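Read the structure below first, then the notes.
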């Protein structure tokens with residue numbers, strides 16, 4: 001399955017998702033990359049069954065101009081409602097509090113995080129999107145979330161000394177599917193086998209890999 005990855009912002013360099021997604025190529029995923037949002041277009045996005053957004057609202061790491069305009073928001077909503085899959089990981093939830101169309105599509109956005117600390121990532125037992133995963137604890141940014149009115153089905157939580165937060169949820173939007181995963185500031189989190197399973201499951205579900213469409 002071909003996946004378009006949007007990454008690279010001031011706080012989250014592209015090298016992290018590039019290295020973090022590399023092992024998943026063995027599972028049948030082909031990743032294509034946009035690091036500068038100026039290269040994005042609705043037409044290019046439409047060529048992919050799934051998009052992975054792990055980029056805050058910066059054009060690039062060196063250009064902090066917001067890229068999520070009302071027209072871009074509308075294009076993302078149309079893509080998903082038309083049958084596309086959208087997986088948002090970590091920084092793809094940050095910087096979008098004032099983009100109402102995208103915010104509703106995502107089901108929740110980043111509000112704040114304390115200093116990095118040990119964070120326990122806990123999948124819901126027996127949930128299909130948690131298959132092959134298990135609880136684990138690593139140092140990460142513990143995202144505090146501002147959830148919308150219709151976040152979808154929560155299948156993952158994170159817990160630290162600062163409390164417990166929703167950390168993974170899935171929702172349908174029109175004919176498409178959306179999954180959000182909040183962990184992942186550090187490469188060690190991306191590469192943990194339990195998190196690799198979550199990402200792979202989410203991409204398969206969003207992109208309908210193996211279910212005939």
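Residue numbers (this note's numbering): 1 to 213. Ideal Cβ placement from N, Cα and C applies to all residues, glycine included. Note that the coordinates shown come from a computational prediction; the quantities given were computed from them, not determined experimentally.
Between the alpha carbons of residue i and residue j, how many angstroms are there, rounded?
i, j, result
"residue 82", "residue 89", "21 angstroms"
"residue 129", "residue 55", "22 angstroms"
"residue 40", "residue 34", "7 angstroms"
"residue 167", "residue 201", "15 angstroms"
"residue 16", "residue 186", "7 angstroms"
"residue 22", "residue 4", "14 angstroms"
"residue 96", "residue 103", "6 angstroms"
"residue 204", "residue 7", "20 angstroms"
"residue 50", "residue 2", "7 angstroms"
"residue 117", "residue 140", "6 angstroms"
"residue 10", "residue 58", "7 angstroms"
"residue 73", "residue 99", "7 angstroms"
"residue 85", "residue 195", "19 angstroms"
"residue 87", "residue 133", "17 angstroms"
"residue 146", "residue 169", "13 angstroms"
"residue 214", "residue 36", "An answer regarding residue 214 cannot be provided, because it is not within the stretch 1 to 213 covered by the chain."
"residue 44", "residue 207", "16 angstroms"
"residue 150", "residue 177", "13 angstroms"
"residue 131", "residue 199", "11 angstroms"
"residue 77", "residue 209", "21 angstroms"
"residue 24", "residue 53", "16 angstroms"
"residue 60", "residue 66", "9 angstroms"
"residue 197", "residue 188", "14 angstroms"
With 16 as the cutoff for other CB atoms within 10 Å, does residue i come out buried or exposed?
i, result
"residue 38", "exposed"
"residue 193", "exposed"
"residue 173", "buried"
"residue 182", "buried"
"residue 62", "exposed"
"residue 71", "exposed"
"residue 180", "buried"
"residue 163", "exposed"
"residue 75", "buried"
"residue 14", "buried"
"residue 94", "buried"
"residue 42", "exposed"
"residue 19", "exposed"
Note down, in chain order, each residue of its chain lying with its Cβ closer than 7 angstroms to the Cβ of residue i, except the 5 sequence neighbours on either side.
i, result
"residue 144", "111, 112, 113 and 165"
"residue 148", "103, 104, 107 and 108"
"residue 48", "2, 3 and 4"
"residue 175", "81, 82 and 83"
"residue 68", "57, 96, 99 and 102"
Can you determine whether any heavy atom of the ligand HEM sits closer than 7 angstroms to the C-beta of residue i, and answer yes or no?
i, result
"residue 125", "In terms of ligand content, the structure shown is empty, and the ligand HEM therefore cannot be addressed."
Ignore the nearest five residues each way along the sequence and tell me which others in residue i's own chain have a CB closer than 6 angstroms to its CB.
i, result
"residue 184", "89, 90 and 190"
According to DSSP, is residue i part of a helix, a strand, or is it coil?
i, result
"residue 43", "helix"
"residue 67", "coil"
"residue 80", "helix"
"residue 189", "helix"
"residue 208", "coil"
"residue 112", "strand"
"residue 13", "coil"
"residue 133", "coil"
"residue 91", "helix"
Considering only residues of the same chain and omitting the five flanking positions on each side of residue i, which have a CB-CB separation below 8 angstroms?
i, result
"residue 137", "118, 119, 120 and 121"
"residue 160", "114, 117, 118, 119, 120 and 142"
"residue 135", "120, 121, 122, 123 and 194"
Could you tell me whether the Cβ of residue i comes closer than 8 angstroms to any Cβ of chain C?
i, result
"residue 107", "The structure shown has no chain C; it contains just one protein chain."
Worksheet item: Hey, is the segment 114-128 in contact with the segment 141-160, meaning 3+ C-beta pairs nearer than 8 angstroms?
Response: yes
Worksheet entry | Three CB pairs or more closer than 8 angstroms across the segment 94-110 and the segment 16-31 | no
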